Amino acid sequence: MIATEIADSGFGIVIGEPSATAPTGCGWGRSIFLNNSTLQIRPHYTFFLRPDADADQYTLVPDIHVYEWYALEAALDFFRALSPAHD
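Note that my numbering has the sequence shown beginning at 2, numbered continuously upward.
Below, the structure is given as structure tokens:
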């Protein structure tokens, strides 16, 4: 959810692989306790709406697509390119 907020709101750059599942949603839960038991049942109904309504609701495509094991290296290269050269 945080990466989706960052991507849709323009707060930063998302580096990594596309997420093929919808982000975890928020919603309502209700607890049901069974009589004469300590067992608790808690069904949970969730939903998630992306800040960018035109974006794919089920896939987050990063700004810089790299495989996860190269993500840190790609991020460092990105920041080095933004920084003035150090002598």
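Each residue gets a CB set at the ideal place from its N, CA and C atoms; glycine is no exception.
In this text the structure is predicted, and so the values were computed from the model without any measurement.
Short check: CB of Glu6 to CB of Pro63, under 8 Å? In the sequence shown, counting from the first residue as 1, residue 6 sits at position 5. In the sequence shown, counting from the first residue as 1, residue 63 sits at position 62. Cβ distance not < 8 Å, so Glu6 and Pro63 don't count as in contact.
Between which two residues does the alpha helix (DSSP H) harbouring Ile7 extend? Taking the first residue of the sequence shown as 1, we reach residue 7 at position 6. Start and end: 3-10.
Please identify the residue among Met2, Ser10, Ser20 whose C-alpha is closest to the C-alpha of Tyr68. The residue you call residue 68 lines up with position 67 of the sequence shown. In terms of CA proximity to Tyr68, Ser20 leads the group Met2, Ser10, Ser20.
Taking Cβ positions, are Ile14 and Phe79 nearer each other than 8 Å? Position 13 of the sequence shown, counted from the start, is the residue given in the question as residue 14. Position 78 of the sequence shown, counted from the start, is the residue given in the question as residue 79. Yes, the pair counts as a contact, with Cβ atoms nearer than the cut-off.
What is the DSSP secondary structure of Leu35, counted as helix, strand or coil? Taking the sequence shown and counting its residues from 1, the one referred to as residue 35 is at position 34. Here Leu35 sits in coil by DSSP.
By Cβ distance, which residues of its chain are closer than 6 Å to Pro52, with the 5 residues on each side in sequence left out? As a first step, residue 52 must be located in the sequence shown, where it is residue number 51. In its chain, beyond the 5 residues on either side, Asp9, Ser10 have a beta carbon closer than 6 Å to the beta carbon of Pro52.
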